[in-house]
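The structure appears below as structure tokens.
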Amino acid sequence: MVEIFLSLILLIFLVFISGFILSTSLFKLNYNDLEFYEIGLLGIIFLVFLSFVFHFFIPLNELSNSLIFILLILVFIFKINKIVFQNFLSHHKLIFISFLVIFIMTLKYKPNEDYGYYHLPFIINLVSDKIIFGLSNLQPQFGWNSTWLNFSSIIYLPILKIKGTQLSNSILLFFVFCMFFRELHNTNNKSNISYLFISILSFYVIIKFSRISAHGFDFPANIYLLLSLFYFIKVFEEEDIHKINKYFILISCFSLFALTIKLSTFAGPILFIMTTLIMYKKKIDFKKLKLPLIFCFFFFLFWLIQQFIFTGCLIPHFKFSCFSSLAWYTNDISKMISDLTGAINKSFNLYKGDLSQAEYLQDFNWVSTWFERNKIELLEHSAAGLLPIIILCLINFRNLSNNDNKSFQLIKQKKLLLTSLSFFTIFGLFIWFLKSPVIRFGVPYLFSFIFLFLVLLVHLTKIRFKKGVLFIFTICLVFNLSKNLNRITKSDSDTYWPEVLNVTYSTKLKNELKINYPDSKETNPKTKLCWSIPYICSVSKGKNLIFDKKFSYTFILSNS
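First residue of the sequence shown? That's 429 in the numbering used here, and the numbers climb one at a time after it.
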């Protein structure tokens with residue numbers, strides 16, 4: 429417990445100083461205009477950017493990561509001033525409470541179901557060798573790599589090693605919870621739609637995402653997109669040019685980062701485009717935003733290059749972006765990804781009829797089976813979003829105004845905002861339902877739909893939420909903590925760290941490289957995966973693969 433406690437403090441500090449350097453030195457933002465949690469959320473993005481740059485040349489092992497953080501600490505010390513400590517001390521209560529909640533959530537959590545499937549093997553590849561050409565030939569799932577695994581890899585540090593990489597979601601949740609505490613206690617914006625948005629979002633996240641094990645990297649992608657939506661709303665409410673500039677930077681960075689974590693957040697660029705149009709309408713000088721936009725451009729470019737090196741495609745989901753003539757190109761990678769995600773996401777594995785897979789996926793034949801599979805989860809997400817709203821309305825049902833509702837004048841004044849939110853929601857739900865209707869992929873669009881319902885309710889009833897927000901927030905926290913404490917007490921694990929299975933494995937030489945693979949005697953389906961197997965791990969024992977070294981880079985080529 430002490431080890432996890434100290435590790436979280438260290439990593440949160442390292443993320444904070446990374447964000448401090450990005451926001452103040454590169455983006456030239458005034459530290460006084462930034463919130464503690466905004467710096468942390470930007471810090472995660474900056475560390476991913478650094479992982480791109482360094483991984484082109486060196487593995488992200490404990491030595492190289494330590495050198496990166498030592499350099500960041502030295503820059504931070506050079507830039508630091510008293511204001512930083514004063515700002516930190518002014519938020520000590522919300523920081524302490526947020527840390528306590530996240531610490532409890534972290535203890536004894538079980539890794540996501542995909543952790544041993546491809547999350548951990550991908551991290552092991554990144555920390556063991558510099559960028560690998562044709563990595564997706566080793567395992568097709570590496571073809572849709574997530575930048576969240578880059579973040580996990582760069583916190584692979586001495587002593588902690590693989591255990592440190594398991595704290596990435598906890599670090600994010602810490603800054604997100606700090607944001608919730610800070611925004612809900614800010615009495616200056618209670619009359620704004622953004623306050624209503626962040627209130628409902630905090631209730632929803634604390635209830636539905638109380639278990640870190642359920643997150644994977646879907647949660648980071650979804651929360652960054654939803655926070656982009658929050659700052660998009662703030663742009664409409666603000667007249668201060670400096671704050672509008674900051675919101676634009678956050679929207680740009682957050683929405684782009686969400687897209688590179690998970691392509692299911694495809695609607696993020698829409699927010700960026702709409703925000704840009706609004707900025708032009710408000711006659712904002714984009715010259716002052718040049719550096720953040722350049723950073724975003726190179727961030728996306730380096731991500732595309734990483735995808736290209738791993739698969740031979742810029743975006744392997746789309747065949748037109750692939751270069752099949754390349755030696756390391758993964759044959760039919762786009763089709764493999766489509767087959768692996770399309771049928772699974774539409775619940776073909778639960779279908780008991782006579783239709784073939786192709787027939788099942790046509791003409792919405794899959795909808796009934798999909799609904800049966802997902803109705804409980806859909807109900808849970810809906811309840812987590814709607815139940816707090818219902819309670820909030822019951823608490824304030826007497827606060828009805830016969831006159832125009834002063835609390836939410838923005839609803840009438842900013843029709844463009846509601847039109848934009850509606851377009852974002854409808855477009856997102858439409859594409860999500862047609863392509864990958866897994867509930868966790870559609871969280872941003874489902875939540876946005878619930879929020880629009882609440883805005884409509886406020887407009888029709890003219891209800892004013894004078895009280896109850898902090899009360900419901902407290903109830904949600906109590907629910908979260910009781911659920912996690914109950915999980916911890918019932919766990920039979922002998923460690924407080926997340927569990928990593930120790931898998932027995934065998935080794936063979938191929939082209940002078942050690943190829944590791946799970947022992948064939950293993951009976952548990954989980955232990956047949958590359959859970960704790962060293963680099964290079966191949967469940968197929970390297971069958972139909974050629975391993976080569978050129979210019980000190982590893983090439984994995986398909987021989988089929």
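For each residue, glycine too, the CB sits at the ideal point set by N, CA and C.
All of these numbers come straight from a predicted model, not from anything done at the bench.
Tell me the residue span of the beta strand (DSSP E) that contains tyrosine 933. Here the beta strand (DSSP E) through tyrosine 933 covers 933-938.
Starting from the C-beta of serine 494, find all residues in its chain whose C-beta is less than 8 Å away, skip the five residues before and the five after it, and write them out in chain order. The residues are Leu585 and Pro586.
Spatial neighbours of glutamine 569 within its chain, please: CB distance less than 6 Å, with the 5 preceding and 5 following residues excluded, ordered by chain position. Excluding positions up to five away in sequence, the list reads Tyr546.
Going by C-alpha distance, which of Lys747, Ser864 and Ile818 is nearest leucine 789? Ranked by Cα distance from leucine 789, the options Lys747, Ser864 and Ile818 are led by Ser864.
Is it buried or exposed for glutamate 787, if we count other Cβ within 10 angstroms and need 16 for buried? The residue in question, glutamate 787, is exposed, as its Cβ has fewer than 16 Cβ neighbours within 10 Å.
Find out if the Cβ-Cβ distance for the pair isoleucine 551, leucine 577 is shorter than 8 Å. Between isoleucine 551 and leucine 577, the C-beta spacing is below 8 Å.
Short Cβ contact (8 Å threshold) for proline 962 with tyrosine 537: No, Cβ-Cβ distance for proline 962 and tyrosine 537 is not below 8 Å.
Measuring CB to CB, does leucine 470 end up less than 8 Å from serine 451? When the beta-carbon positions are compared, leucine 470 and serine 451 come within less than 8 Å of each other.
Helix, strand or coil for isoleucine 943, going by three-state DSSP, please let me know. Reduced to three states, the DSSP call for isoleucine 943 is strand.
Measure the C-alpha to C-alpha separation of glycine 644 and proline 816 and round it to an integer number of angstroms. Taking the straight line joining both Cα atoms gives about 25 Å.
I'd like to check one pair, isoleucine 679 with phenylalanine 700: are the Cβ atoms closer than 8 Å? Closer than 8 Å, so yes.
Under 8 Å between C-beta atoms of leucine 720 and phenylalanine 899: The amino acid at residue 720 is misidentified as leucine; the sequence shows proline. The Cβ atoms of proline 720 and phenylalanine 899 do not sit closer than 8 Å to each other.
Does cysteine 681 come out as helix, strand or coil in the three-state DSSP assignment? Cysteine 681 sits in a helix when the DSSP states are folded into three classes.
Could you check what DSSP says for lysine 715 in three-state terms: helix, strand or coil? Under the three-state reduction of DSSP output, lysine 715 falls in the helix class.
Helix, strand or coil for serine 627 per DSSP? Serine 627: helix per DSSP, three-state reduction.
Please report the straight-line C-alpha distance between leucine 684 and phenylalanine 861, rounded to a whole angstrom. Whole-angstrom Cα-Cα distance: 22 Å.
Could you tell me if phenylalanine 608 is buried or exposed, where buried requires 16 or more neighbouring beta carbons within 10 angstroms of its beta carbon? Flag for phenylalanine 608 reads buried.
Only counting the same chain, and skipping five residues up and downstream in sequence, which positions put a Cβ closer than 6 Å to that of leucine 845? Cβ neighbours of leucine 845 beyond the five flanking positions: Phe664.
Pairwise C-alpha distance: isoleucine 669 and isoleucine 712: Taking the straight line from one Cα to the other gives about 7 Å.
With which residues is isoleucine 974 paired in a DSSP beta bridge? DSSP lists Leu985 as the beta-bridge partner residues of isoleucine 974.
So, with DSSP's three-state summary, where would you put cysteine 821? In the three-state scheme derived from DSSP, where H, G and I count as helix and E and B as strand, cysteine 821 is classed as helix.
Is isoleucine 661 near the ligand GTP, going by C-beta to nearest heavy atom under 7 Å? The model depicted lacks the ligand GTP and carries no ligand whatsoever.
Lysine 969 - containing alpha helix (DSSP H), residue span: Here lysine 969 belongs to no alpha helix (DSSP H), and DSSP marks it neither H nor E.
Is the beta carbon of isoleucine 943 closer than 8 Å to that of lysine 911? Result no, Cβ atoms of lysine 911 and isoleucine 943 do not sit closer than 8 Å.
Taking one C-beta from the region 729-736 and one from the region 952-962 each time, how about it: are there three or more such pairs within less than 8 Å? Taking 8 Å as the limit for Cβ pairs, the verdict is that the region 952-962 does not touch the region 729-736.
Quick check: cysteine 606 and phenylalanine 444, are their CB atoms within less than 8 Å of each other? It is not a contact, given that the beta carbons lie outside the stated cut-off.
Quick one: grab the DSSP three-state call for cysteine 741. Correct three-state label for cysteine 741: strand.
Check phenylalanine 561 in the structure and name its three-state DSSP category. Per DSSP, reduced to three states, the secondary structure at phenylalanine 561 is strand.
Let me know the secondary structure DSSP gives cysteine 750 once reduced to three states. Reduced to three states, the DSSP call for cysteine 750 is strand.
Tell me whether serine 980 is buried or exposed, calling it buried when 16 or more other Cβ atoms sit within 10 Å of its Cβ. So serine 980 ends up on the exposed side.
For aspartate 1046, which residues of its own chain have a beta-carbon under 8 Å away from its beta-carbon, when the five flanking residues on both sides are left out? The structure shown does not extend to residue 1046, since the chain is modelled only from 429 to 988, so the question has no answer here.
In angstroms, rounded to a whole number, what distance separates the CA positions of lysine 662 and isoleucine 473? When rounded, the distance between both Cα atoms is 21 Å.
Would you call the region 734-741 and the region 882-894 touching, i.e. three or more CB-CB distances under 8 Å? They do not touch, by the three-pair rule.
Which one of Leu754, Phe658, Ser753 and Met764 has the shortest CA to CA distance from phenylalanine 746? From the listed residues Leu754, Phe658, Ser753 and Met764, the smallest Cα separation to phenylalanine 746 is found for Met764.
Using the beta-carbon count (16 or more within 10 Å), is tyrosine 708 buried or exposed? Under this definition tyrosine 708 is an exposed residue.
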